[in-house]
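Asker: Before I ask anything, here is the structure I am working with.
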Amino acid sequence: MSETPFRARAEIDLAALRANVRAVRARAPRAEVMAVVKSDAYGHGAVPCARAALRAGATWLGTATPGEALALRAAGFDGRLMCWLWTPGAPWREALDADIDVSVSAQWALEEVVSAARDAGRPARVHLKGDTGLGRNGCQPADWIELVRAARKAEAEGALRVTGVWGHFACADEPGHPSIQAQLSVFRDMLAYAEKEGLDPEVRHHANSPAALTVPESHFDMVRTGIAMYGISPSPELGTPEDFGLRPVMTLKARLALVKRVPGGHGVSYGHHYVTEGQTTLGLVPVGYADGVPRHASGRGPVLVGGRWRTVAGRVAMDQFVVDLGGDSLAAGDEAVLFGPGDRGEPTAEDWARAADTIAYEIVTRIGVRVPRVHLGEDE
Ligand SMILES: *Cc1c(COP(=O)(O)O)cnc(C)c1O
325 MSETPFRARA
335 EIDLAALRAN
345 VRAVRARAPR
355 AEVMAVVKSD
365 AYGHGAVPCA
375 RAALRAGATW
385 LGTATPGEAL
395 ALRAAGFDGR
405 LMCWLWTPGA
415 PWREALDADI
425 DVSVSAQWAL
435 EEVVSAARDA
445 GRPARVHLKG
455 DTGLGRNGCQ
465 PADWIELVRA
475 ARKAEAEGAL
485 RVTGVWGHFA
495 CADEPGHPSI
505 QAQLSVFRDM
515 LAYAEKEGLD
525 PEVRHHANSP
535 AALTVPESHF
545 DMVRTGIAMY
555 GISPSPELGT
565 PEDFGLRPVM
575 TLKARLALVK
585 RVPGGHGVSY
595 GHHYVTEGQT
605 TLGLVPVGYA
615 DGVPRHASGR
625 GPVLVGGRWR
635 TVAGRVAMDQ
645 FVVDLGGDSL
655 AAGDEAVLFG
665 PGDRGEPTAE
675 DWARAADTIA
685 YEIVTRIGVR
695 VPRVHLGEDE
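In the numbering used here, the protein residues as written are 325 to 704.
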């Protein structure tokens, strides 16, 4: 571990990430694993995380935007790579030239990808997405016949190959939610229709992390896992990371910028929403909402400092917040651990999610670019 003094850093445990991928594979033994590395691998660093996931047996990489997928190709990843969030005029031709699998949910997208393929003189690799009930992206069942027929026609003309048929869950993180089986049933129907029309996808996929971990009949040919790979439970309701053999990958640390004695009755940080009860010591933690510490966790977020949990005193500011050290004698430079795996006494991203009324996905994904990621355990 580097001894370089730091303000703040996010340590990324790649050995844990690899073990998490293996834990997912053990839960979905017949399926391929797509490592979802969108949004810089949920804030963990896309390139090192993608590399670690592939080493641990993932066979696909997945991103939301074409820009993210193209960046991974440029970084030298040459295996199967898919991205799904397309807008009119997006770089279909670049994706095609880079051999990236693309997703199509509507006629406009099919037309754009076919046009790019004609220009390129080679077929595009296309995953048709059904809206099996999520009500977000994807083609409605009522429009599926038309989309499938148009795709089949384009395939016969050599403009594309339908390499995937897929969907996405709405409530897989709520155990036993009736929509889970309902969506699977719609998916099976949409798939059956596509196959009847002559499509022969390489991968049929519907499962995200919660479904990969808890709904075996949703695995089909591939599971798309993001949050599980980063060692976070998709929802506390479903279980703890340990319940699934997962270990959180990111540890967020900062070093105190100042420790000082203040008298009782002293207001702390903007708005003076915290006032010291008596004489005490305050510690200044040099990270704020610009670094992804949620301002909504003002007065609530937990931090391990000097062996004890402290609570954010008053408001989180853009670059810093304060903790009341209750007279403990600590010094500038001492470590403050905002969250980590939790087994060294520190809070977890889940604890921060609770403090900020959000989900742990958002806590890790929003850690800002000003916080360097330090990747540990790259070698087996
Ligand atoms: C983000 C995303 C995933 C991964 O979800 P997790 O719950 O993090 O595993 C899978 N599929 C799609 C379409 C996504 O957008």
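Note that the Cβ used here is the ideal one computed from N, Cα and C, for glycine as well.
All values reported here derive from a predicted model rather than from experimental measurement.
(1) In three-state DSSP terms, what is Tyr598?
(2) Would DSSP call Cys407 helix, strand or coil?
(3) For Glu470, decide whether its Cβ has a neighbour in chain B, counting only Cβ atoms nearer than 8 Å.
(4) Considering only their Cβ atoms, is the gap separating Val646 from Val583 smaller than 8 Å?
(5) Taking 5 Å as the limit, name every residue whose beta carbon sits nearer than that to some heavy atom of ligand 1, in sequence order.
(6) Nearest-angstrom Cα distance between Pro618 and Glu670?
(7) Per DSSP, which one or two residues make a beta bridge with Val573?
(8) At what residue ranges does the stretch 476-528 contain a whole run of the beta strand (DSSP E), taking only runs of 3 or more?
(9) Please identify the residue among Ser533, His543 and Gly555 whose C-alpha is closest to the C-alpha of Thr549.
(10) Could you say which of Arg379, Leu484, Ser557 and Arg346 lies nearest to Phe401 if we only look at CA atoms?
(11) Mind listing, in chain order, the continuous alpha helix (DSSP H) runs of no fewer than 4 residues lying wholly within the stretch 414-448?
(12) Pop quiz: Gly616 and Ile691 are said to be a contact at Cβ under 8 Å. What is the actual Cβ separation, rounded to whole angstroms?
(13) Around the Cβ of Arg585, are there at least 16 other Cβ atoms within 10 angstroms (buried) or fewer (exposed)?
(14) In this structure, does DSSP put Val345 in helix, strand or coil?
(15) On the three-state DSSP scale, how would you describe Ile469?
(16) How far does the alpha helix (DSSP H) with Pro626 in it extend, from its first residue to its last?
(17) Just mark Pro447 as buried or exposed, buried being the case when its beta carbon has 16 or more other beta carbons within 10 Å.
(18) Leaving out the 5 sequence neighbours to the left and right, which residues in its chain are closer than 8 Å to Gly403 when beta-carbon positions are compared?
(19) Figure out for me which residue from Arg349, Arg571, Ile556 and Arg473 has the closest Cα to the Cα of Tyr366.
(20) Between Arg331 and Val539, what straight-line distance do the alpha-carbon atoms span, to the nearest angstrom?
(21) Val299 and Val627: beta carbons closer than 8 Å?
(22) In its own chain, which residues sit with a C-beta less than 7 Å from the C-beta of Leu338, not counting the 5 before and 5 after it?
(23) Just to confirm, are Gly462 and His529 a CB contact at a threshold of 8 Å?
(24) Below 8 Å, can you find three or more Cβ-Cβ pairs linking the stretch 564-580 to the stretch 670-690?
(25) Quick check: the Cα distance between Leu649 and Ala655, rounded to an integer number of angstroms?
(26) Contact between the stretch 413-420 and the stretch 469-480 is defined here as three or more beta-carbon pairs at a separation below 8 Å; is this criterion met?
(27) Short of 8 Å in beta carbon distance, which residues of its chain neighbour Gly623, apart from the five on each side in sequence? Order them along the chain.
(28) Please go through the same chain and pick out, in chain order, the residues whose beta-carbon is closer than 7 Å to the beta-carbon of Ser542, but skip the five residues on each side of it.
Answerer: Per the coordinate set shown:
(1) Strand.
(2) Three-state result, Cys407: strand.
(3) Reference to chain B is not applicable here, since this structure consists of a single protein chain.
(4) Not a contact, by the Cβ cut-off of 8 Å.
(5) Close to ligand 1, as judged by a C-beta nearer than 5 Å to any of its heavy atoms, are the residues Val360, His492, Asn532, Ser533, Arg548, Thr549, Gly550 and Ile551, in chain order.
(6) Linking Pro618 to Glu670 through their CA atoms gives a straight-line distance of about 18 Å.
(7) According to DSSP, which records beta bridges pairwise, Val573 is partnered with nothing at all.
(8) Listed in chain order, the beta strand (DSSP E) elements of length 3 or more contained wholly in the stretch 476-528 are 484-490.
(9) In terms of CA proximity to Thr549, Ser533 leads the group Ser533, His543 and Gly555.
(10) Comparing Cα positions, the closest option is Arg379.
(11) Whole alpha helix (DSSP H) segments, 4+ residues: 416-421 and 431-444.
(12) Indeed they touch by this definition, with Cβ atoms about 4 Å apart.
(13) Exposed.
(14) It is helical.
(15) Three-state result, Ile469: helix.
(16) No alpha helix (DSSP H) contains Pro626, which is instead part of the beta strand (DSSP E) from Pro626 to Val629.
(17) Flag for Pro447 reads buried.
(18) Within the same chain, Gly403 has close Cβ partners Leu378, Thr383, Trp384 and Leu385.
(19) If we check each option's Cα against that of Tyr366, Ile556 comes out closest.
(20) Counting only the Cα atoms, Val539 lies some 42 Å from Arg331.
(21) Limits of the chain in this structure are 325 at one end and 704 at the other, which puts residue 299 out of reach.
(22) Only Pro372, Ala376, His699, Leu700, Gly701 and Glu702 meet the Cβ criterion.
(23) Result no, Cβ atoms of Gly462 and His529 do not sit closer than 8 Å.
(24) Touching, per the Cβ criterion.
(25) Approximately 11 Å between the Cα atoms of the pair.
(26) They do not touch, by the three-pair rule.
(27) Result list for Gly623: His597, Tyr598, Thr635, Val636, Ala637, Gly638 and Arg639, in chain order.
(28) Only Leu508, His530, Ala531 and Ala535 meet the Cβ criterion.
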